[in-house]
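Engineer: Numbering of the sequence shown is given in numbering that gives the first Met the number 0, commencing with residue 0 and proceeding in unit increments.
Quick one: this structure, given as structure tokens, is what I'll be asking you about.
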Amino acid sequence: MRPNRVGRRKELEFAVALRQKELEDLRQRKAELEQGLCLTPDALATDGLYAVFPVLEYCGAKPRKDVRSIPIEHVGSVLTQFEVASKALSDRNQALRHEVRELNRRIKAEGKSCAKVRENTTQLEHTTGVTAKPGNHANGSKPLVLQNDTEVTLQELESRKALIAKEIRTGELLVKKKELSLVEMASISQQRQAVLDEIDALNNDIRVTDRDLKCEKETLQALIAEHDDVDARLQKALAARESTLLLTSQEGVAELKSEIHGTVADTRQRQERVIKTQNYRIEQLEHRLECIETALKNNHFTRAVDAALSRSWASKGELMTLANEEDMYDADKINPTQERCHPAIYNLFATERDRLSRYISLLELVGGEKEAVIVALRCKAQALSEECQDAIEELDQVTSDAAYEEENQRIKAIEYVEEQRMRYADLFLEKSKLKSLTLATPRGQRRAIK
């Protein structure tokens, strides 16, 4: 009977190991399902749709871009892109629904399989009297999974299922908002098309008016030509009736009129040329005065120039001299080819130029020093970066050595645990042998041995 009991116990342990293996397979299957259900809103929102369909940036309650910024000539292409994006979103939502249905079916199937395995495990525990706990190890296999852990995992799967359904509803709401945006874009395009039609109608009216105006001009030119023809014939008739003396006097009057007209025209042209030259000279002097005042103000020479002018020009009366009346009508004298500057002003600007030259040379020296400092700092930064790189490499080496040492310690700990398990098994076997030997020895012999 004893060998039968030992064999029975081994069979029961083997059956428990098989159940543990089945539970491990179910746990791996559950991990795969959890990996398939790990869909976050960020993953659903950033799936590349904005990269594939840039037109989606105009959609939503708070769009990234304003719809009113779309040019009129691009409205048709944008509407086409909206239709393509809407179709793509519908296909994507349909695929997500199909995937959710498939995951629900797989979850139900795995739940049924897990429940069946749990029932078989419970029945086996009642039959054998062996309880499968996380601390129990049979034949070196992994521990069993508690029933509560399986129920919690199913609840987590249900919560993720609800999250996916919520994301699907969010996608449908987004599709509705995009449809409203498409309707709004269509209304805006219709309004713009109406404006374009009105503009075309106005352009047509303008062209009709231009054509009518052209016709009226042609009619007016025809009337003028006819009137000129009538005047010419009338003049011929009058000339035939007039005498030769009258004709001669008229010719003399015409010549006088032409001479007077030529003289007046020449005088007027000369006066106009002089006026234009004077205006140009005035503008030139005003512009020069503005430039000089700006330069004096920027260089802080206003008071010095005023003092120099008051000492030189005003004291000699040069500012009060008037030009000759004939020179006022001579264009060459009004706008001379060469002009002169007052020596006091020239000396002031020459002094300022020398001062600026010295200041620029000083700035160049300072710039050279700063360049040298920058080069030195750059060399120092490069040296520091090399030191940092060496320190990083040293830290990497220390980290790798520590990881290697940790791996060796872990292997040693595992070997020690295995040795302790083997020792525990030997002690348990020895205890069983002693117990069986004690049970096989008669009570009288045991007393004698004592």
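We treat Cβ as the ideally placed atom computed from N, Cα and C, and that holds for glycine.
No experiment lies behind these values; they were computed from the predicted model shown.
1) Please say whether S112 and K177 have beta carbons closer to each other than 9 Å?
2) Please report the straight-line C-alpha distance between L25 and A161, rounded to a whole angstrom.
3) In whole angstroms, give me the CA-to-CA distance for A412 and E23.
4) Under the assumption that V174 contacts L88 (Cβ atoms under 8 Å), give the Cβ distance between them as a whole number of angstroms.
5) From T437 to D425, what distance separates their C-alpha atoms?
6) Helix, strand or coil for H286 per DSSP?
7) Express the C-alpha separation of M421 and I410 in angstroms, rounding to a whole number.
8) Quick check: the Cα distance between H97 and A114, rounded to an integer number of angstroms?
9) Tell me which same chain residues have a C-beta within less than 8 Å of the C-beta of T266, skipping the five on either side of it?
10) Kindly give me the distance between the Cβ atoms of E171 and N92, rounded to whole angstroms, as I take these residues to be in contact under 8 Å.
11) Using CA coordinates, which residue listed in E109, D209, I359 and Q277 is at the minimum distance from L157?
12) Should I281 be labelled buried (16 or more other beta-carbon atoms within 10 Å of its own) or exposed?
13) To the nearest angstrom, report how far apart R354 and H286 are at their CA atoms.
14) Given this structure, state the Cα-to-Cα distance separating Q419 from L428, to the nearest angstrom.
15) With a threshold of 16 other CB atoms inside 10 Å of the CB of I163, please say whether the residue is buried or exposed.
16) By how many angstroms is the C-alpha of D389 removed from the C-alpha of T398?
17) Measuring CA to CA, which of A382, E166 and K107 is closest to L95?
18) Quick one: Cα of K368 to Cα of A382, how far?
19) If E351 and N278 are in contact, beta carbons under 8 Å, what's the gap, nearest whole angstrom?
20) Are there 16 or more other CB atoms within 10 angstroms of the CB of I106, so buried, or fewer, so exposed?
21) Measure the C-alpha to C-alpha separation of I468 and A253 and round it to an integer number of angstroms.
Structural biologist: On the basis of the coordinates in this document:
1) Here residue 177 is taken as the residue at index 178 of the sequence shown, counted from 1. Here residue 112 is taken as the residue at index 113 of the sequence shown, counted from 1. Inclusion of K177 and S112 in the CB contact set at 9 Å is not warranted, their separation being larger than that value.
2) Walking along the sequence shown from the start, residue 25 turns up at place 26. Walking along the sequence shown from the start, residue 161 turns up at place 162. L25 and A161: Cα-Cα distance of roughly 23 Å.
3) If you number the sequence shown from 1, residue 412 lands on position 413. If you number the sequence shown from 1, residue 23 lands on position 24. Going from the Cα of A412 to the Cα of E23 covers about 25 Å.
4) Sequence index remark: in the sequence shown, residue 174 carries index 175 (1-based). Sequence index remark: in the sequence shown, residue 88 carries index 89 (1-based). With a Cβ gap of about 5 Å, V174 and L88 count as contacting.
5) As a working mapping, residue 437 is identified with position 438 in the sequence shown. As a working mapping, residue 425 is identified with position 426 in the sequence shown. Computed Cα separation, rounded: 18 Å.
6) Here residue 286 refers to the residue found at position 287 when the sequence shown is read from its first residue. H286 carries a helical assignment under DSSP once its states are collapsed to helix, strand and coil.
7) As a working note, residue 410 is residue 411 in the sequence shown. As a working note, residue 421 is residue 422 in the sequence shown. So the alpha carbons of these two residues sit roughly 17 Å apart.
8) Looking up residue 97 in the sequence shown gives position 98. Looking up residue 114 in the sequence shown gives position 115. Cα-Cα distance, rounded: 26 Å.
9) For this step, residue 266 is matched to residue 267 along the sequence shown. Counting only Cβ-Cβ distances below 8 Å, and skipping sequence neighbours, we find nothing.
10) Counted from its first residue, the sequence shown places residue 171 at position 172. Counted from its first residue, the sequence shown places residue 92 at position 93. Between E171 and N92, the beta carbon gap of about 7 Å places them in contact (Cβ cut-off 8 Å).
11) As a first step, residue 157 must be located in the sequence shown, where it is residue number 158. Going by the sequence as given, residue 157 is Glu instead of Leu. Of E109, D209, I359 and Q277, the residue nearest in Cα terms is E109.
12) Here residue 281 is taken as the residue at index 282 of the sequence shown, counted from 1. Result: exposed.
13) Translated into positions along the sequence shown, residue 354 becomes position 355. Translated into positions along the sequence shown, residue 286 becomes position 287. It is roughly 26 Å from the alpha-carbon of R354 to the alpha-carbon of H286.
14) Position 420 of the sequence shown holds residue 419. Position 429 of the sequence shown holds residue 428. The C-alpha of L428 is placed about 14 Å away from the C-alpha of Q419.
15) Mapped onto the sequence shown, residue 163 falls at position 164. Buried, because 16 or more other Cβ atoms sit within 10 Å of the Cβ of I163.
16) One-based indexing of the sequence shown puts residue 398 at position 399. One-based indexing of the sequence shown puts residue 389 at position 390. Cα-Cα distance, rounded: 14 Å.
17) The residue labelled residue 95 in the question sits at position 96 within the sequence shown. Among A382, E166 and K107, the Cα nearest to that of L95 is on E166.
18) Here residue 368 is taken as the residue at index 369 of the sequence shown, counted from 1. Here residue 382 is taken as the residue at index 383 of the sequence shown, counted from 1. Sequence check: residue 368 is Glu here, not Lys. E368 and A382 have their C-alpha atoms roughly 21 Å apart.
19) The residue you call residue 351 lines up with position 352 of the sequence shown. The residue you call residue 278 lines up with position 279 of the sequence shown. Contact between E351 and N278 fails: their C-beta atoms lie close to 32 Å from each other, not under 8 Å.
20) Indexing the sequence shown from 1 puts residue 106 at position 107. It counts as buried.
21) Only positions 0 to 449 of the chain appear in the structure, and residue 468 is not among them; the question remains open.
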